[in-house]
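S.K.: Take 4 as the starting number for the sequence shown in the numbering used here and just add one per residue.
Have a look at this one before I ask anything.
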Amino acid sequence: MEVLPCLSVALDFVSFSRLFESQLEIAKIAEMIHTASLVHDDVIDASDTRRGKPSVNSLYGQRKAVMAGDYILSVASAMLARMRNEEVIVILCQVLSDLVQGEFMQLGSKENENERFAHYLRKSFKKTASLLAYSCKAVALLSGADDDLQEVAFQYGRNVGIAFQLLDDLLDFVASSNHMGKPTVIDLKMGLATAPVLFACEKFPELNPMIMRRFQEPGDVQKAFEFVHKSDGLEQTQFLARQHCDEAVRVISSLKPSIEQKALITITDKLLNRSK
Ligand code: FPP
Ligand code: MG
């Protein structure tokens, strides 16, 4: 009669390890979607380096880079289909559509100054935070979490993702290309008005027409760069990133204390203190 408890422990172990495997699969798929999007992004941005190494487009040209990105995406899609979980498939497909919409949103500038920051945050969600938010949600869903707990996971990922993008946009102004392993001071050259510029506008409204013409006139990039450094745009960006990290920590404070919860908090600390 001792067999039954042993059997139940063994069954628990099997189902735990199956759950772990499926969650690991989500992590792999998310990483592949991320990689594919960066391979495509380097084509769009004509970037020669990525993570300190030559980018795919610089090594093999644009056409092969686009197809390499597509290939990674197709393998990730097959892995997702093999999970045979319709809800997870729908959740991760939303990420793909958000990534593309985010890139499109980045191409446009809002005429109305009051709408610019909200547009920037919506774009940041779609381009960066969606992948984290929906991956966290999918992992929670697989574990049998109810809607409320899935929402906790989603909000943690959303806040961490937006904080990550804010830091990325800040580092573009302060870090060197060598240190980052990718080109820096690139956003202005690409015509992008990110958080540091949008905050700097409060002190230097001269930035508004430059934003509208996407820093295309000679001297715009240099002037905008100086305005940002003379304003408190970088500090405000850091402050907003901290607020999103605090919110991420707040939402997971409803979870039972655990090593995993601690690790999630550590991620927010690392994110805020990252220098690349
Ligand atoms: C990095 O932007 C880019 C992204 C986070 C997303 C790019 C998305 C696409 C190109 C749409 C295609 C999507 C798929 C799934 C293939 P960045 O230029 O601001 O950052 P960087 O400095 O690291 O290059
Ligand atoms: Mg880029």
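Quick reminder that beta carbons are idealized off the backbone N, C-alpha and C, glycines included.
Nothing here was measured: the structure is a model prediction, and the numbers come from that model.
Does the beta-carbon of residue 45, which I'm using as the reference point, lie nearer than 7 angstroms to any heavy atom of ligand 3?
M.R.: Annotation note on ligand 3: not contained in the displayed structure, which lists ligand 1 and ligand 2 as its ligands.
S.K.: Any heavy atom of ligand 1 closer than 7 angstroms to the CB of residue 92?
M.R.: No, the Cβ of residue 92 stays beyond 7 angstroms of every heavy atom of ligand 1.
S.K.: Just list the residues that DSSP pairs residue 56 with in beta bridges.
M.R.: DSSP output for residue 56 lists 53 as bridge partner(s).
S.K.: Would you report the Cα separation of residue 56 and residue 50, rounded to the nearest angstrom?
M.R.: Those two C-alpha atoms are separated by around 11 angstroms.
S.K.: Please classify residue 1 as buried or exposed, where buried requires at least 16 neighbouring CB atoms within 10 angstroms.
M.R.: The requested residue 1 does not occur in the structure, where the chain is confined to residues 4 to 279.
S.K.: I'd like the span of the alpha helix (DSSP H) that includes residue 91, first residue to last.
M.R.: Residue 91 -> alpha helix (DSSP H) spans 89-110.
S.K.: Does DSSP classify residue 72 as helix, strand or coil?
M.R.: Correct three-state label for residue 72: helix.
S.K.: Taking 7 angstroms as the limit between beta carbons, can you name the residues of its chain near residue 159, skipping five residues before and five after?
M.R.: 139, 251, 254, 255, 267.
S.K.: When DSSP labels each residue in this structure, what does residue 197 get in the three-state scheme?
M.R.: Residue 197 falls in the coil class under three-state DSSP.
S.K.: Skipping 5 residues on each side, what residues in its chain have a beta carbon closer than 6 angstroms to that of residue 120?
M.R.: 201.
S.K.: Go to residue 212, then tell me how far its alpha helix (DSSP H) extends in each direction, as first and last residue.
M.R.: Here the alpha helix (DSSP H) through residue 212 covers 210-215.
S.K.: Taking just the CA atoms, how far does residue 179 sit from residue 226?
M.R.: Roughly 19 angstroms between the two C-alpha positions.
S.K.: Return helix, strand or coil for residue 140, following the three-state DSSP convention.
M.R.: Reduced to three states, the DSSP call for residue 140 is helix.
S.K.: Measuring straight from C-alpha to C-alpha, what distance separates residue 106 and residue 77?
M.R.: C-alpha separation (whole angstroms): 20 angstroms.
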